[in-house]
Each structure stands twice: as C-alpha cells, then as structure tokens.
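Those protein sequences? They're chains Y and G, same order as listed. The working numbering puts the first residue of the first sequence at 200, with every later residue one more than the last. The working numbering puts the first residue of the second sequence at 31, with every later residue one more than the last. Note that beta-carbon positions come from the ideal geometry of N, C-alpha and C, so glycine has one too. One structure below.
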Amino acid sequence: MVAVVVEAGIVAVVVGIGMTLYRMVKGPHVADRVLAGDVLSLQVVALVILLAVDQRRAVSLDVALLVAIVGFASTLAFAQYIGATRSGPQPPDEGEGG
Amino acid sequence: MDAIREIATVVLLVSGLSFMLIGAWGTVRLPDAYHRLHAASKCSTLGLLGLLFGAVVHIGTAAALSKALLTLVFTFVAAPVGSHMLARSAHAAGLEQWDRTLSDELAEDQGDHPED
C-alpha cells in the first residue's frame, strides 16, 4: 500500500514540478521566477523523501536536508539581487546614496 | 502493529503530498507575486512536515527521526525568512500589486520614514 502511495506521489510531485516550471517560464516579474524556483526546490525535497520511503533507508534524508539548504540559499541570493536592481517603471527616489 | 504503522504512513504521505500539490497549484492560479508567495511558503512547509513524518514512521529508526527533525526545524525557520525577504525586495523593486488588493501598509509605513 505504501508502494502505491509512493508511485502516486511521484506522479503528484512531477505534476507540481510542471506547474512550477510553467510559472518560471511565464512569470512576469523576476520575483515570480524566483518563488517558482523556491517551490521547485521543495518539490525536489519531496521527491527525495519519497525515495527514502521507497528504499526504507534514512540515508536519503541527508540529501533532502542538503537540497533544502541550497534552495534557501539561492532564494536569499535572488532576493538580494531583486532588492538591488529596483527596476520599477518609475525612476528611483531622489536618494543620494543610490 | 505493522498495519497501524502502514496506515499512519499512508495518511501522513497523502496529506503531505496533497499540501505540496496545492502549493504548486497556488503558484499557477493566484493573480499576484505576493499571493503566490503566500501559497508557496505555507503549503510547501506543511507538505514537507507530512512527508517527513511519513518517512519517519515508515523507516522507524532513530537516525531517520533525527534527520527529519533537523530538516523540519531548518525548513520551518528558512521558508518564512526566505519568502519574507523575497516579498520585501520585490516591494522595494516596485513590483505592482494586484489591482484588487485593498491596501499597501508597507508603503504607508515607508511614507512616514523615508527609506534609508
């Protein structure tokens, strides 16, 4: 019964990855693409956890932690990048520091 | 005992997977980057909780429990921080809100204190 759930779960996660890839391709702003990448990394974590359930070994959970850390770091880096660009339709404020 | 453990595993895995799927669907369906962040952070975090506890119940060793708890604590700290920073920097970059959003309290606050 667990094997059936794992099979169905792989299908569900792949469908979710497809949705996030759609948002990553379509997203009008960089923030949309970055949050799609964040959700994508969490879906990959879910895939790794399903692998651990299927193998019945705890080793794969290390990979889950690693993918979660890398996804968080990339989200933070892209958030800093978006905050630094400030590419609005209107010119930026009259601050001196820029 | 084995049947109970299997049923608990299935329930936890199915709830986690449905949360992950709802979160991914929310990133497609919702109208705005801020709304999409709402779906992305919350649903994915809860989905990871269900999946990890399902794996712990299924594997049933202390190593699996400790690794799952480590991943959970990290994710529960990291996902809100990441989405908060992403929303704040998108707001600073001048990302437009959905036209039916009622208020923008961050802009009102920054009107009082001009940005540094």
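*Own chain partners of leucine 125 (chain G) with C-beta closer than 7 angstroms, once the 5 adjacent residues on each side are dropped*: What you label residue 125 (chain G) is simply residue 95 of the second sequence in a count that begins at 1. Cβ within range, chain order: Ala63.
*Between aspartate 146 (chain G) and alanine 120 (chain G), what straight-line distance do the alpha-carbon atoms span, to the nearest angstrom?*
Here residue 146 (chain G) refers to the residue found at position 116 when the second sequence is read from its first residue. Here residue 120 (chain G) refers to the residue found at position 90 when the second sequence is read from its first residue. Summary for aspartate 146 (chain G): the model assigns pLDDT 49, below 50, so the residue's position carries little reliability; its value from the coordinates is reported in the next sentence. Within the model, the alpha-carbon separation for aspartate 146 (chain G) versus alanine 120 (chain G) is close to 17 angstroms.
_Does glycine 141 (chain G) come out as helix, strand or coil in the three-state DSSP assignment?_
Position 111 of the second sequence, counted from the start, is the residue given in the question as residue 141 (chain G). In the structure shown, glycine 141 (chain G) falls within a helical segment according to DSSP collapsed to helix, strand and coil.
*Establish whether the CB of phenylalanine 83 (chain G) and some CB of chain Y are separated by less than 8 angstroms.*
Against the second sequence, residue 83 (chain G) aligns to sequence position 53. For phenylalanine 83 (chain G), no CB of chain Y lies under 8 angstroms from its own CB, so it is not counted at the interface with that chain.
*In whole angstroms, what separates the C-alpha of glycine 282 (chain Y) from that of isoleucine 216 (chain Y)?*
Working through the first sequence from its first residue, we reach residue 282 (chain Y) at position 83. Working through the first sequence from its first residue, we reach residue 216 (chain Y) at position 17. Rounded to the nearest angstrom, the gap between the Cα atoms of glycine 282 (chain Y) and isoleucine 216 (chain Y) is 26 angstroms.
*Thinking C-beta only, is valine 87 (chain G) closer than 8 angstroms to arginine 35 (chain G)?*
As a first step, residue 35 (chain G) is located in the second sequence; it is residue number 5 there, counting from the start. As a first step, residue 87 (chain G) is located in the second sequence; it is residue number 57 there, counting from the start. Contact flag set, yes.
*Is the beta carbon of alanine 245 (chain Y) less than 8 angstroms from the beta carbon of methionine 50 (chain G)?*
The count along the first sequence starts at 1 and reaches residue 245 (chain Y) at position 46. The count along the second sequence starts at 1 and reaches residue 50 (chain G) at position 20. Yes.
*Assign glutamine 242 (chain Y) to one of three DSSP states: helix, strand, or coil.*
Walking along the first sequence from the start, residue 242 (chain Y) turns up at place 43. The answer is helix: DSSP assigns glutamine 242 (chain Y) an H, G or I state.
*Could you please tell me which residues of the segment 85-96 of chain G, in chain order, have their CB closer than 8 angstroms to any CB of chain Y?*
Residues are counted here when their Cβ sits less than 8 angstroms from a Cβ of chain Y; for the segment 85-96 of chain G these are Ala85, His88, Ile89, Thr91, Ala93 and Ala94, given in chain order.
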